[in-house]
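Colleague: All residue numbers for the sequence shown refer to the UniProt record's numbering, where the first residue is 2 and numbers rise by one.
Beta carbons: idealized from backbone N, C-alpha and C, even for Gly.
Since we're looking at a predicted model, the values are computed, not measured.
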Amino acid sequence: KSRAAQRFAGLTRSATVAIHDLVQDLRAGGARILDLGGGQPDVATAGHIAAEAAAALEAGFTHYTGSRGLPELLTAIAAKLAKDNGIAVDPRTDVIVTPSAKHALFVSMMTILDPGDEILVPSPGWVSYTSIAHLVGARAVPVELSPTNGFRITRRLLDTCVTDRTRAILVNTPTNPTGNALRREEAEDIAAFAAEHDLFVVADEIYEKIIFAGRKHLSLAALPGCADRTLTVNGFSKSYAMTGWRLGYVAGPTDLIGEAVKVQEHTVSCAASFAQRGGIAALTGGQQFVLDMAQEYGRRRSRTVAALAAMPGVECADPDGTFYAFPDVRGAGFADSAEFAKWLLRTAGVAVVAGTAFGPGGAGHVRISFAAAPAVLDEALDRMAAALADRA
Ligand code: PLP
2 KSRAAQRFAG LTRSATVAIH DLVQDLRAGG ARILDLGGGQ PDVATAGHIA AEAAAALEAG
62 FTHYTGSRGL PELLTAIAAK LAKDNGIAVD PRTDVIVTPS AKHALFVSMM TILDPGDEIL
122 VPSPGWVSYT SIAHLVGARA VPVELSPTNG FRITRRLLDT CVTDRTRAIL VNTPTNPTGN
182 ALRREEAEDI AAFAAEHDLF VVADEIYEKI IFAGRKHLSL AALPGCADRT LTVNGFSKSY
242 AMTGWRLGYV AGPTDLIGEA VKVQEHTVSC AASFAQRGGI AALTGGQQFV LDMAQEYGRR
302 RSRTVAALAA MPGVECADPD GTFYAFPDVR GAGFADSAEF AKWLLRTAGV AVVAGTAFGP
362 GGAGHVRISF AAAPAVLDEA LDRMAAALAD RA
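In structure tokens:
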């Protein structure tokens, strides 16, 4: 029995981090593993962003900042939210810069959930939502989405999951792992549902810039009636290829952000000072490289989806955004998707994440990241195709 606190009962390690560790172990043992398991852009952080942070370090900009973040960064975030998302916030009172979007999610759930409260979390959904809810003493209730309607959120599904303990709903668009971007009717259904049950909305929009031609990102907080109940979480990891910088933010109504800042103050004080300077450069500099990166992911998406669709026993929908494909592998004849992932790692040396890591709704699917370098991606898809063909 663990000597740690009771809250660790039921808390598991992040399945995606665990895959990362397993790949490192196998590599240390000499195996050549092609990793399509991770959620990291393969490209480097843009030079002008790195240069700004380096200059800040050089100049001795290495001390605490205010706990909400640097005023110039808060202003840049508010301007970005107004321009890109149609969300109006006061940078002085409605935004907190956090060390990562993950921490922004922790701060958000701490702020709106009491022990025993429930937050609806679409399933399949990103691995950490459930664990963060658990850490704050709340319960994540999976809203099991169905592959037969392409994992879309429906009002009927939400209605079956709401109880008198439900306080909030989490929305992630574009979605890790399915790649779905919220359609207008889904967003309106969620907004009406949240209003009817007086729920908070936590909107994780970290993949907003990785969205493909013909699709448009929708921000929940911009929908009528949503601004006052929505905490919008975003960050620099995916849009600007800055995963190691640990830089994110949360924006929302003044009263909630006023409480949230206390969580920030008593946990991390502030995000790293020089990283924040890099964040200013990211938001205020030219954005063409962000669009170019999304286009490159779009090309990899097409290659990935086409390759998967040609494999025996595999079906794959076109993701709207993110750098993940979420193929249905039920036709490949494995007991479950974890067995499939293990078999693929052993026989082909290709790491993917089993769909069940993203909750019960992910059964029968695996997540394949096409943020890997193109040569790695191509070889991994070839190996996967060959292994499946051998088996068929
Ligand atoms: N939200 C989603 C859906 C993610 O996939 C990730 C990272 O994988 C995060 C949040 C966390 O981002 P950050 O690196 O800013 O903590």
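Measure how close the beta-carbons of A196 and S220 come, nearest whole angstrom, since I'm counting them as under 8 angstroms.
Modeller: Indexing the sequence shown from 1 puts residue 196 at position 195. Indexing the sequence shown from 1 puts residue 220 at position 219. Rounded, the Cβ-Cβ distance is 16 angstroms, inconsistent with contact.
Colleague: Check for me: the beta strand (DSSP E) holding residue 398 runs from which residue to which?
Modeller: Residue 398 falls outside the range modelled here, since the chain spans only 2 to 393, and no answer is possible.
Colleague: Is the closest heavy atom of ligand 1 to the C-beta of residue 403 under 8 angstroms?
Modeller: No statement about residue 403 is possible, as the shown extent of the chain runs from 2 to 393 and does not include it.
Colleague: Can you list, in chain order, the residues of its chain whose CB lies under 7 angstroms from that of D43, leaving out five sequence neighbours each side?
Modeller: Within the sequence shown, the letter at position 42 stands for residue 43. Result list for D43: A372, A373, A374, in chain order.
Colleague: Could you tell me which residues DSSP pairs with T167 in its beta bridges?
Modeller: Here the question's residue 167 lines up with position 166 in the sequence shown. E119.
Colleague: So, under 8 angstroms CB-CB, G249 and V234 are touching, yes? Tell me the CB distance rounded to an integer number of Å.
Modeller: For the purposes of this step, residue 249 is taken as residue 248 along the sequence shown, with counting starting at 1. For the purposes of this step, residue 234 is taken as residue 233 along the sequence shown, with counting starting at 1. Rounded, the Cβ-Cβ distance is 7 angstroms, consistent with contact.
Colleague: To the nearest angstrom, how far is it from the Cα of S147 to the Cα of C162?
Modeller: By one-based count along the sequence shown, residue 147 stands at place 146. By one-based count along the sequence shown, residue 162 stands at place 161. If I take the Cα positions, the gap works out to 14 angstroms.
Colleague: Report the start-end ranges of each alpha helix (DSSP H) in the stretch 76-141 that is 4 residues or longer and not cut off at the edges.
Modeller: Fully enclosed alpha helix (DSSP H) runs of 4 or longer: 102-113, 129-136.
Colleague: Could you check the C-alpha separation between R140 and K103 for me, to the nearest Å?
Modeller: In the sequence shown, residue 140 corresponds to position 139, counting from 1. In the sequence shown, residue 103 corresponds to position 102, counting from 1. Approximately 17 angstroms between the Cα atoms of the pair.
Colleague: Go ahead and pull the three-state DSSP assignment for P143.
Modeller: Your numbering for residue 143 matches position 142 in the sequence shown. If DSSP states are grouped into helix, strand and coil, P143 belongs with the strands.
Colleague: Quick one: using the 10 Å Cβ neighbour count with 16 as the cut-off for buried, is A376 buried or exposed?
Modeller: Residue numbering aside, residue 376 sits at position 375 when the sequence shown is read from its first letter. So A376 ends up on the exposed side.
Colleague: Taking Cβ positions, are V24 and P178 nearer each other than 9 angstroms?
Modeller: As a working mapping, residue 24 is identified with position 23 in the sequence shown. As a working mapping, residue 178 is identified with position 177 in the sequence shown. No; because the gap between Cβ atoms is not below 9 angstroms, this pair is not in contact.
Colleague: Which two residues bound the contiguous alpha helix (DSSP H) that contains R185?
Modeller: One-based indexing of the sequence shown puts residue 185 at position 184. Element bounds for R185: 185-197.
Colleague: Quick check on the burial criterion: 16 or more other C-beta atoms within 10 angstroms. Buried or exposed for L12?
Modeller: Counted from its first residue, the sequence shown places residue 12 at position 11. Per the 10 Å Cβ criterion, exposed.
Colleague: In this structure, does DSSP put R156 in helix, strand or coil?
Modeller: Indexing the sequence shown from 1 puts residue 156 at position 155. The answer is helix: DSSP assigns R156 an H, G or I state.
Colleague: Measure the C-alpha to C-alpha separation of E316 and A310 and round it to an integer number of angstroms.
Modeller: Working through the sequence shown from its first residue, we reach residue 316 at position 315. Working through the sequence shown from its first residue, we reach residue 310 at position 309. Rounded to whole angstroms, E316 to A310 spans 5 angstroms at the Cα level.
Colleague: Check whether the Cβ of Y241 sits closer than 8 angstroms to any heavy atom of ligand 1, and report yes or no.
Modeller: Position 240 of the sequence shown, counting from 1, holds the residue named residue 241. Not so, every heavy atom of ligand 1 lies at least 8 angstroms from the Cβ.
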